[in-house]
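Q:
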Amino acid sequence: MGLSPWHIILVAVVALLLFGPNKLPELGRGFGKMFREFKDATTGNGGNDEPAPQRKEINPAETVNADVKPEASAAQTAQPAPQQDRQP
Numbered sequence: 001m002g003l004s005p006w007h008i009i010l011v012a013v014v015a016l017l018l019f020g021p022n023k024l025p026e027l028g029r030g031f032g033k034m035f036r037e038f039k040d041a042t043t044g045n046g047g048n049d050e051p052a053p054q055r056k057e058i059n060p061a062e063t064v065n066a067d068v069k070p071e072a073s074a075a076q077t078a079q080p081a082p083q084q085d086r087q088p
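One point on numbering: in UniProt numbering, the residue at position 74 of the sequence shown is 74, and numbering is uninterrupted.
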């Protein structure tokens, strides 16, 4: 059961009746653009002129604590309690 020319003519007549003669060229352009973008996306052709961003190699030894500042220990940060003069 193939697609015969009568099927194509029937679909074209129904589309003409539904959308009208003014809207069909716009729909055709939209479908063409959609299929072109889909093809470019699946083949890897982005279509943009910008080069792909370069990936930076990261050495794991450099990133272990490179951005973390050493925290002071609790003994270093403890403040002595203020002494109050107690009178008997």
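We put the beta carbon where it would ideally sit given N, CA and C, even for glycine.
Taking Leu27 and Phe19 to be in contact with their CB atoms under 8 Å, please state how far apart those CB atoms are, rounded to whole angstroms.
A: 6 Å
Q: Beta-carbon separation of Leu16 and Leu3 under 8 Å?
A: no
Q: Hey, which unbroken runs of the alpha helix (DSSP H) at 4 residues or more fall wholly within the segment 4-53?
A: 5-19 and 24-43
Q: What is the rounded straight-line gap between the Cα of Ile8 and the Cα of Thr42?
A: 28 Å
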